[in-house]
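Structure record follows, encoded as structure tokens.
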Amino acid sequence: MSEVVHGYRRPDPATQPPLNSPAYGSTAARHPKQPLLELPHTPTETSSPLFTAARYPELADLTVLENGAGQAMGERIIVGGRLTDEDGRPVRHAMVEVWQANAAGRYNHEGDTHDAPLDPNFLGRGRVFTDENGFYRYVTIRPGAYPWRNHHNAWRPNHIHYSLFGSGFAQRMITQMYFPGDPLLPLDPIFNTVSDEAARNRLVSTFDLELTQPERALGYRFDIVLRGREATPMEDDHHD
Amino acid sequence: MTDATTSRASNATPELAPSEATMERLVASAHQTAGPYWHLVDFPEWADTTRHFADNLPEGGQRITVTGVVRDGTGAPVTDALVEIWHADPAGRYPDGNGDPTAFQGYGRCATDKEGRFRFVTLKPGPVPVGPHAGANAMQAPHMAVALFARGLLQHLSTRLYFEGEALNETDPVLRAVPEARRGTMIAKPAGNGAWTLDLRLQGEGETVWMAV
Ligand SMILES: [Fe+2]
């Protein structure tokens, strides 16, 4: 019964963004004002949907459309990393969904009215699965910065959105990956909602020569950590 | 991370049994908002968890719809939200992680529309055990986990949806932990023919009971 998961550890609040963040205007009318009720973890929280590539096909190269008509514009990059829990356990065969703006900083989305060109060869969405060791990898275009009206002259740093599932629904997470050396990072209210500097910087990918492919593309590494399991109560070792 | 593992392992003195001290301790990554363009990973068919089963629904499965409107603190509909549900099958079972990928699973994703409305088609879940730490007979009332992501939500919001009229609602440990006056924000009402409705309020009057999961 060693695989019975009783629950997951609660995060240190400094390592996670608060729901109410005045610098990020959209939180004003959207954050709960009542205190959150702490939910004990039950099988609803310790189980998770099972996704397989058979039903949820991979889309690991965002730079070409399925019909292969042409190449996306911009700087091709390879992004890879490892998905683990806080104890370093690989999260195996997990579905990783990503979405992003194109090289010009425009999303292929009807709500995005930024006056930058759409790329007919770039949809900006991908889906891959981690392997036995928790590794994932995909090929894309380095996304451009875009304006977002949160405050005067507000620009989002380059980023890729990530959606992740673990082995329990309590591990569900959506986050963003940033790029090293981006001058917009210190100015970005969303990135800076995470008060712990080290936690914030773990959202920044690193240039990785091993992921880089000669004559093809630069590589960026982005490791992602999901919540770890609570220590298993000792009564598991007792036998009546 | 691989390098960190290696160096931690080589630093550990060999006579020490594996313990908390020598285990790799990482810190969970920070959540960030899904933003307004998450629809790039929206697949409207995911709102119907029965889509793989045509005419051979799991035994005892009662097809239901769950609809509701999401509103913000001003009462305005939230038209760019991502709503997810996760619930047990009609027998109260969850996949065990090594399970059959073709079996029913109660996972759905739905975008709110221009009125802030979501709509799921699924099977009504059965009662679920409280868990390995409680007695084998301790059951939770039928319920769904609900996760809500949106622009302006730096982490997703979580709540549960219960079904009005279930006898187990009276003893459900999560519902009982909620002040009685606010329980109704988590209990869907029947609208006939298997239709259930529950509105979600992010903030303000009738604010949904949101949970730290
Ligand atoms: Fe974005």
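If you're matching them up, the sequences are chains A and B in order. Going by the numbering used here, the first residue of the first sequence is number 1, and it counts up by one from there. Going by the numbering used here, the first residue of the second sequence is number 241, and it counts up by one from there. C-beta: ideal position from N, C-alpha, C; glycine also.
Straight-line gap, residue i to residue j (C-alpha atoms, nearest Å)
| i | j | result |
| --- | --- | --- |
| P17(A) | A54(A) | 35 Å |
| N476(B) | S205(A) | As shown, chain B starts at 241 and ends at 453. That puts residue 476(B) outside it, with no answer to give. |
| Y220(A) | N192(A) | 21 Å |
| P43(A) | V368(B) | 7 Å |
| P413(B) | V64(A) | 51 Å |
| E445(B) | G313(B) | 8 Å |
| L118(A) | T27(A) | 29 Å |
| N241(A) | H373(B) | Outside the displayed span of chain A (1 to 240) sits residue 241(A), for which this structure offers no information. |
| A249(B) | L322(B) | In this predicted model, A249(B) has a pLDDT of only 37, less than 50, meaning its place in the structure is not dependable; the value taken from the coordinates is given anyway. Those two C-alpha atoms are separated by around 41 Å. |
| V370(B) | A417(B) | 14 Å |
| L211(A) | D182(A) | 20 Å |
| Y277(B) | V128(A) | 19 Å |
| A217(A) | M379(B) | 54 Å |
| D188(A) | I304(B) | 43 Å |
| P22(A) | P157(A) | 19 Å |
| A328(B) | P214(A) | 48 Å |
| T262(B) | G88(A) | Reliability fails at T262(B), whose pLDDT of 49 lies under 50, so the model's placement of it is uncertain and the value that follows must be treated cautiously. Roughly 12 Å separates the two Cα atoms. |
| V442(B) | G308(B) | It should be pointed out that residue 442(B) corresponds to Leu in this sequence rather than to Val. Taking the straight line joining both Cα atoms gives about 13 Å. |
| D112(A) | R106(A) | 7 Å |
| L226(A) | E86(A) | 6 Å |
| E132(A) | A94(A) | 10 Å |
| P147(A) | P382(B) | 45 Å |
Residue i: CB within 6 Å of a non-hydrogen atom of ligand 1
| i | result |
| --- | --- |
| G375(B) | no |
| G275(B) | yes |
Interface partners of residue i on chain B, CB under 9 Å
| i | result |
| --- | --- |
| G111(A) | P276, Y277, H279 and D320 |
Buried/exposed call for residue i, threshold 16 Cβ in 10 Å
| i | result |
| --- | --- |
| Q302(B) | exposed |
| H279(B) | buried |
| K354(B) | exposed |
| D12(A) | exposed |
| G81(A) | buried |
| N108(A) | buried |
| R149(A) | exposed |
| K364(B) | buried |
| G405(B) | exposed |
| H396(B) | buried |
| A72(A) | buried |
| E97(A) | buried |
| Q100(A) | buried |
| T362(B) | buried |
| A231(A) | exposed |
| E260(B) | Here E260(B) scores only 46 on pLDDT, less than 50, and its place in the model should not be relied on; the value that follows carries that caveat. Exposed. |
Neighbouring residues, chain A, relative to residue i (Cβ below 7 Å)
| i | result |
| --- | --- |
| T273(B) | I190 |
| M460(B) | Since the displayed chain B opens at 241 and closes at 453, residue 460(B) lies outside it and no answer follows. |
| R391(B) | S26 |
| A387(B) | R172 |
Chain B residues whose Cβ lies nearer than 7 Å to that of residue i
| i | result |
| --- | --- |
| G80(A) | Within 7 Å Cβ-Cβ: nothing; G80(A) doesn't reach chain B, min ~12 Å. |
| I224(A) | S269 |
| A29(A) | D312, G313, T314 and Q443 |
| G166(A) | Here the premise fails: no neighbours, minimum Cβ distance about 10 Å. |
Contact list for residue i against chain A, beta-carbon separation under 9 Å
| i | result |
| --- | --- |
| R265(B) | E86, D87, G88 and G228 |
| E447(B) | P32, K33 and Q34 |
Interface residues of chain A facing residue i [CB-CB closer than 8 Å]
| i | result |
| --- | --- |
| A331(B) | Near A331(B) there are no residues of chain A at all, since even the closest Cβ is about 13 Å away, more than 8 Å. |
| A452(B) | R10, L36, L37, E38 and L39 |
| R357(B) | Correct list: empty, because the minimum Cβ distance to chain A is about 17 Å. |
Residue i: CB within 6 Å of a non-hydrogen atom of ligand 2
| i | result |
| --- | --- |
| V204(A) | Inclusion of ligand 2 in the displayed structure is not the case, the ligand content consisting of ligand 1 alone. |
Proximal residues of chain B, C-beta to C-beta of residue i below 8 Å
| i | result |
| --- | --- |
| V4(A) | P372 |
| E97(A) | V281 |
| Y107(A) | Y277 and L280 |
Chain C contact for residue i (CB, 7 Å cutoff)
| i | result |
| --- | --- |
| A351(B) | Within the model displayed, chain C is absent; protein chains A and B are what it includes. |
Would you call the region 193-200 of chain A in contact with the region 120-128 of chain A, where contact means no fewer than 3 C-beta pairs closer than 8 Å? At 8 Å Cβ cutoff, the stretches do not touch.
Check whether the region 127-142 of chain A and the region 343-359 of chain B are in contact - that is, three or more C-beta pairs closer than 8 Å. no
Can at least three beta-carbon pairs, one atom from the region 339-349 of chain B and one from the region 395-402 of chain B, be found at a separation below 8 Å? As far as the Cβ criterion goes, the region 339-349 of chain B does not touch the region 395-402 of chain B, which means the pair count is below three.
Counting pairs of Cβ atoms below 8 Å between the region 284-299 of chain B and the region 417-431 of chain B, do you hit three or more? no
Between the region 314-334 of chain B and the region 388-397 of chain B, are three or more C-beta pairs nearer than 8 Å? Yes, they touch.
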